[in-house]
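Visitor: Chains as they are written, first to last, in this note's numbering: chain A, 1 to 416; chain B, 417 to 506. What follows is a structure written as structure tokens; I'll ask about it next.
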Ligand SMILES: Cc1cc2nc3c(=O)[nH]c(=O)nc-3n(C[C@H](O)[C@H](O)[C@H](O)COP(=O)(O)OP(=O)(O)OC[C@H]3O[C@@H](n4cnc5c(N)ncnc54)[C@H](O)[C@@H]3O)c2cc1C
Ligand SMILES: [Zn+2]
């Protein structure tokens, strides 16, 4: 069923009786060409592009809970292409271009809003680093504008520019950055994959991976065994456990990241603002809630909730930056499990097991990557070759020393 | 989350710095193969359950601690001084 404005009017006139479920609820078949473990953003986009770009439709996505119940529905929805390192830069650039056509592509309103992202800086040294980053973004073909303090003030008059701890010197403005509706991205890809014949199987936990003579044969699940010619592990925070089923130990430690939302307010924050020095970032959802967050809780965790010290820290940073939000009531806070790698960059690669592929290590930046990750992972699974923009996301780069340490913080999982 | 330092007693989590899994206690010897370094620095069991990790009592006595902890509930099972658990510890 195609969605359109006319359709909405028509359904409105006829009691909304014509809407159909956006995807089927199929029983798992005994065998597939490709089994994807994990129905998050990346698993669903991989399924979609396998079908769309490569004509591979005998595919199942196995999700232990419900589609979109993982991090894809828990993030703070920032979409940007402001990476510095070669290897990251071209990948996120490709992703942003896919975002820009995503709604037409999926015939689904993902509410992608390019409201502009401003990263604040607070010293001469930080400004120089941002100039360099901005140049690298421009070289990549993306957009970056250096704002001085008055330039920032024009966009964000409500910040406290003179705060004593981190006076604001300026910002790097990325006009094409913004936000999107996270669930809608999962649902849009799910619907697109389903309509091309992919089976989306929910409440189906993978409990084992069958390997014979170094080749993957299928998976064991809570709904019985399923044979597969190829298997893709795309389970974000749970990557360690799933890879262990294939006898692998990954360069991943799972950490908790919290986020917060206030009651709905009238529009007051037009941009995405990132206050890196204070570990704070914020945007306003279309519903009016201020959506904000900070850093990891900094210890390994699978609990999808965090501790109070980080809550306090984030609130303090927010108050330092923009005292005007002090009266807003926080409605909810929650946490998601982040698959942290020691260099902060992801992995899209084959594994030592023939036919078994891995897409993980998204740290806290994997939402913006959903389109390109699916695109590149589908390319890898279909052709056996890494896609040009994901060539550096190898699994062995840690052993060989070809790290992609975007933030330059070193090989400790929680420092990225 | 509160951590009971064997030297200082029960303290708020804010006083401690988390370093990572106790793999860091098993530093490869001189001349070890690159794989050993890769495993030491990067590869982790990353259990959903009981883990042993290293914390530094940064704002207290400055001792390094091995904390046995559930990554699912955040319950802390035991806290020991690294110097007491390390093989060949002083
Ligand atoms: C608070 C927070 C804020 C964030 N903010 C941003 C942001 O602003 N911008 C950004 O780009 N990124 C952000 N992220 C990161 C982003 O959300 C993740 O990197 C990304 O969603 C991870 O990929 P995914 O969508 O595929 O993961 P998930 O949605 O977690 O998908 C993995 C799926 O695998 C399933 N699974 C696990 N084990 C099994 C199994 N054994 N069998 C079957 N299924 C299994 C899980 O149930 C889950 O549904 C944020 C994350 C959090 C938690
Ligand atoms: Zn102490």
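All C-beta atoms in this analysis are idealised placements derived from N, C-alpha and C, irrespective of residue type, glycine included.
Between the C-alpha atoms of residue 405 of chain A and residue 471 of chain B, what's the straight-line distance to the nearest angstrom?
Guide: Here residue 405 of chain A refers to the residue found at position 405 when the first chain is read from its first residue. Here residue 471 of chain B refers to the residue found at position 55 when the second chain is read from its first residue. For residue 405 of chain A and residue 471 of chain B, the distance between alpha carbons rounds to 24 Å.
Visitor: Name the chain B residues that come within less than 8 Å of residue 364 of chain A, Cβ to Cβ?
Guide: To locate residue 364 of chain A, count along the first chain from 1; it is residue 364. In chain order: nothing, as chain B lies at least about 16 Å away.
Visitor: Under the criterion of a Cβ to heavy atom distance below 7 Å, does residue 473 of chain B qualify as lining ligand 2?
Guide: By 1-based counting over the second chain, the position of residue 473 of chain B is 57. Yes - ligand 2 has a heavy atom lying nearer than 7 Å to the Cβ of residue 473 of chain B.
Visitor: Does the beta-carbon distance from residue 339 of chain A to residue 254 of chain A come in below 8 Å?
Guide: For the purposes of this step, residue 339 of chain A is identified with residue 339 of the first chain, where counting begins at 1. For the purposes of this step, residue 254 of chain A is identified with residue 254 of the first chain, where counting begins at 1. Yes, Cβ-Cβ distance for residue 339 of chain A and residue 254 of chain A is below 8 Å.
Visitor: What residue ranges within the stretch 34–89 of chain A form continuous beta strand (DSSP E) runs of no fewer than 3 residues, ordered along the chain?
Guide: Those beta strand (DSSP E) runs which fall completely within the stretch 34–89 of chain A and span 3+ residues are 59–62.
Visitor: Residue 413 of chain A versus chain B: which residues are under 8 Å apart at the beta carbon?
Guide: Taking the first chain and counting its residues from 1, one reaches residue 413 of chain A at position 413. Residues of chain B passing the Cβ test: 436 and 460.
Visitor: Is there at least one non-hydrogen atom of ligand 1 closer than 7 Å to the beta-carbon of residue 64 of chain A?
Guide: Walking along the first chain from the start, residue 64 of chain A turns up at place 64. Flag set: Cβ of residue 64 of chain A near ligand 1.
Visitor: Who are residue 147 of chain A's beta bridge partners in DSSP?
Guide: The residue given as residue 147 of chain A occupies position 147 in the first chain. Paired residues: A:171.
Visitor: Is there at least one Cβ from chain A nearer than 8 Å to residue 464 of chain B's Cβ?
Guide: Locating residue 464 of chain B in the second chain gives position 48, counting from the first residue. Closer than 8 Å: yes.
Visitor: Chain A beta carbons: is any one of them nearer than 8 Å to that of residue 419 of chain B?
Guide: As a position in the second chain, residue 419 of chain B is number 3, starting the count at 1. Closer than 8 Å: no.
Visitor: Comparing C-alpha positions only, which one of B:433, B:441 and B:493 sits nearest to residue 500 of chain B?
Guide: The residue labelled residue 500 of chain B in the question sits at position 84 within the second chain. Of the candidates B:433, B:441 and B:493, the one whose C-alpha sits nearest the C-alpha of residue 500 of chain B is B:441.
Visitor: Could you say which of A:222, A:214, A:220 and A:318 lies nearest to residue 262 of chain A if we only look at CA atoms?
Guide: Locating residue 262 of chain A in the first chain gives position 262, where the first residue counts as 1. For residue 262 of chain A, the nearest C-alpha among the options comes from A:318.
Visitor: Looking only at its own chain, which residues have a Cβ that is under 7 Å from the Cβ of residue 482 of chain B, when we skip the five neighbours before and after it?
Guide: Along the second chain, read from residue 1 onward, the residue named residue 482 of chain B stands at position 66. Excluding positions up to five away in sequence, the list reads 438, 468, 470, 496, 498 and 501.
Visitor: Using a C-beta to C-beta distance shorter than 7 Å, which residues of chain A count as neighbours of residue 450 of chain B?
Guide: Against the second chain, residue 450 of chain B aligns to sequence position 34. Per Cβ cutoff of 7 Å: 399.
Visitor: What whole-angstrom Cβ distance do residue 188 of chain A and residue 51 of chain A have, given they're in contact under 8 Å?
Guide: If you number the first chain from 1, residue 188 of chain A lands on position 188. If you number the first chain from 1, residue 51 of chain A lands on position 51. Their Cβ separation, rounded to whole angstroms, is 14 Å, which puts residue 188 of chain A and residue 51 of chain A out of contact at 8 Å.
Visitor: Please determine whether the Cβ atom of residue 395 of chain A lies at a distance below 7 Å from any heavy atom of ligand 2.
Guide: Against the first chain, residue 395 of chain A aligns to sequence position 395. Checking every heavy atom of ligand 2 against the Cβ of residue 395 of chain A, none is found closer than 7 Å.
Visitor: Quick one: is the Cβ of residue 470 of chain B within less than 7 Å of any heavy atom of ligand 2?
Guide: Position 54 of the second chain, counting from 1, holds the residue named residue 470 of chain B. Outside the cutoff, so no.
Visitor: Looking at the secondary structure, which residues open and close the alpha helix (DSSP H) in which residue 133 of chain A lies?
Guide: Within the first chain, numbered from 1, the residue matching residue 133 of chain A stands at position 133. First-last of the alpha helix (DSSP H) with residue 133 of chain A: 124–140.
Visitor: Please go through the same chain and pick out, in chain order, the residues whose beta-carbon is closer than 6 Å to the beta-carbon of residue 343 of chain A, but skip the five residues on each side of it.
Guide: Start at 1 with the first residue of the first chain, and residue 343 of chain A comes out as number 343. Contacts found: 403, 404 and 405.
Visitor: When the cut-off is 8 Å and only beta carbons count, does residue 488 of chain B lie next to chain A?
Guide: Here the question's residue 488 of chain B lines up with position 72 in the second chain. Judged by the 8 Å Cβ criterion, residue 488 of chain B is in contact with chain A.
Visitor: What residue ranges within the stretch 451–493 of chain B form continuous beta strand (DSSP E) runs of no fewer than 3 residues, ordered along the chain?
Guide: Counting whole runs of 3 or more residues, the stretch 451–493 of chain B contains the beta strand (DSSP E) stretches 466–472 and 480–486.
Visitor: Could you round the C-beta distance between residue 23 of chain A and residue 191 of chain A to whole angstroms and report it? I think they count as a contact, below 8 Å.
Guide: By one-based count along the first chain, residue 23 of chain A stands at place 23. By one-based count along the first chain, residue 191 of chain A stands at place 191. Their Cβ separation, rounded to whole angstroms, is 6 Å, which keeps residue 23 of chain A and residue 191 of chain A in contact under 8 Å.
Visitor: Hey, is residue 475 of chain A close to ligand 1, as in C-beta under 7 Å from one of its heavy atoms?
Guide: For residue 475 of chain A there is no data in the structure shown, the boundaries of chain A being 1 and 416.
Visitor: Which of helix, strand or coil does DSSP assign to residue 360 of chain A?
Guide: Here residue 360 of chain A corresponds to residue number 360 of the first chain, with the count starting at 1. The answer is strand: DSSP assigns residue 360 of chain A an E or B state.
Visitor: Looking at ligand 1, does it come within less than 7 Å of residue 375 of chain A, judged from the CB to the closest heavy atom?
Guide: The residue given as residue 375 of chain A occupies position 375 in the first chain. Checking every heavy atom of ligand 1 against the Cβ of residue 375 of chain A, none is found closer than 7 Å.
Visitor: Are the C-beta of residue 257 of chain A and some C-beta of chain B separated by less than 8 Å?
Guide: Taking the first chain and counting its residues from 1, the one referred to as residue 257 of chain A is at position 257. Chain B, which has no Cβ nearer than 8 Å to the Cβ of residue 257 of chain A, makes this no.
Visitor: What are the boundary residues of the alpha helix (DSSP H) that includes residue 404 of chain A?
Guide: Residue numbering aside, residue 404 of chain A sits at position 404 when the first chain is read from its first letter. Residue 404 of chain A -> no alpha helix (DSSP H), and no H or E assigned at all.
Visitor: Count the other CB atoms within 10 Å of the CB of residue 49 of chain A; is the residue buried (16 or more) or exposed (fewer)?
Guide: Taking the first residue of the first chain as 1, we reach residue 49 of chain A at position 49. Buried is the call here.
Visitor: When burial is assigned at 16 or more other CB atoms within 10 Å of the CB, is residue 300 of chain A buried or exposed?
Guide: The residue given as residue 300 of chain A occupies position 300 in the first chain. The residue in question, residue 300 of chain A, is buried, as its Cβ has 16 or more Cβ neighbours within 10 Å.
Visitor: Should the stretch 291–300 of chain A be regarded as contacting the stretch 223–230 of chain A, the criterion being three or more beta carbon pairs within less than 8 Å?
Guide: No contact exists between the stretch 291–300 of chain A and the stretch 223–230 of chain A.
Visitor: Three-state secondary structure (DSSP) at residue 398 of chain A?
Guide: Translated into the one-based positions of the first chain, residue 398 of chain A becomes position 398. Note: residue 398 of chain A maps to helix in three-state DSSP.
Visitor: Once DSSP output is grouped into helix, strand and coil, what is the label at residue 500 of chain B?
Guide: Translated into the one-based positions of the second chain, residue 500 of chain B becomes position 84. Looking at residue 500 of chain B - three-state DSSP - the assignment turns out to be helix.
Visitor: Determine the burial state of residue 86 of chain A: buried for a count of at least 16 other Cβ atoms within 10 Å of its Cβ, exposed for fewer.
Guide: Position 86 of the first chain, counted from the start, is the residue given in the question as residue 86 of chain A. Answer is exposed; the Cβ neighbour count stays below 16.
Visitor: Using DSSP's beta-bridge definition, name the partner residues of residue 421 of chain B.
Guide: Looking up residue 421 of chain B in the second chain gives position 5. BP columns for residue 421 of chain B point to B:425.
Visitor: In whole angstroms, what separates the C-alpha of residue 248 of chain A from that of residue 234 of chain A?
Guide: Mapped onto the first chain, residue 248 of chain A falls at position 248. Mapped onto the first chain, residue 234 of chain A falls at position 234. Approximately 14 Å between the Cα atoms of the pair.
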